[in-house]
Amino acid sequence: MVTAVTSFGRSGLYDWLIQRVSAVVMAAYLVFIVAFILCTPEMTYAEWKGLYSHLWMRIFSLATLLSIAAHAWIGLWAVLTDYITNRMMGAKATVLRLLAQVVLGVITVTYVVWGIEILWGF
Numbered sequence: 002m003v004t005a006v007t008s009f010g011r012s013g014l015y016d017w018l019i020q021r022v023s024a025v026v027m028a029a030y031l032v033f034i035v036a037f038i039l040c041t042p043e044m045t046y047a048e049w050k051g052l053y054s055h056l057w058m059r060i061f062s063l064a065t066l067l068s069i070a071a072h073a074w075i076g077l078w079a080v081l082t083d084y085i086t087n088r089m090m091g092a093k094a095t096v097l098r099l100l101a102q103v104v105l106g107v108i109t110v111t112y113v114v115w116g117i118e119i120l121w122g123f
């Protein structure tokens, strides 16, 4: 039995739901950014700064950043669990999977913190 990555003792339904909701948020952000670029005839730094000076845009960007992190984490966990643990049986596979998860987790947290610093100017 495979346990859920985002919760303790729950089924994979929550992981599935997080992936679907995060995909919708990312798709909405992509559609918005593409529409903004197409509707803005002269793209300058002032235009971008003006867009990201709004609180709603920062919140939307933060929600997208967190969606990317959650989506990637669940997807990578599923791939690592399937291809490393199940394909390569043994203790070495578990250690290799855990090492990969730690490295990818540190990278994900680093990117989220960095993105928050960029968005909110800390």
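Quick note: the sequence shown uses my numbering, first residue 2, plus one each step. C-beta: ideal position from N, C-alpha, C; glycine also.
Cβ pair count under 8 angstroms reaching 3, the segment 66-75 against the segment 14-23: The segment 66-75 is in contact with the segment 14-23.
Per-residue DSSP class, three states only, for H72: helix
Check whether A73 and T109 have beta carbons under 8 angstroms apart: yes
Simplified DSSP assignment, three categories, for F9: Low confidence applies to F9: its pLDDT is 48, below 50, so where it sits in the model is not reliable, and the reading given next is rough at best. Coil.
Distance, I19 Cα to T41 Cα: 33 angstroms
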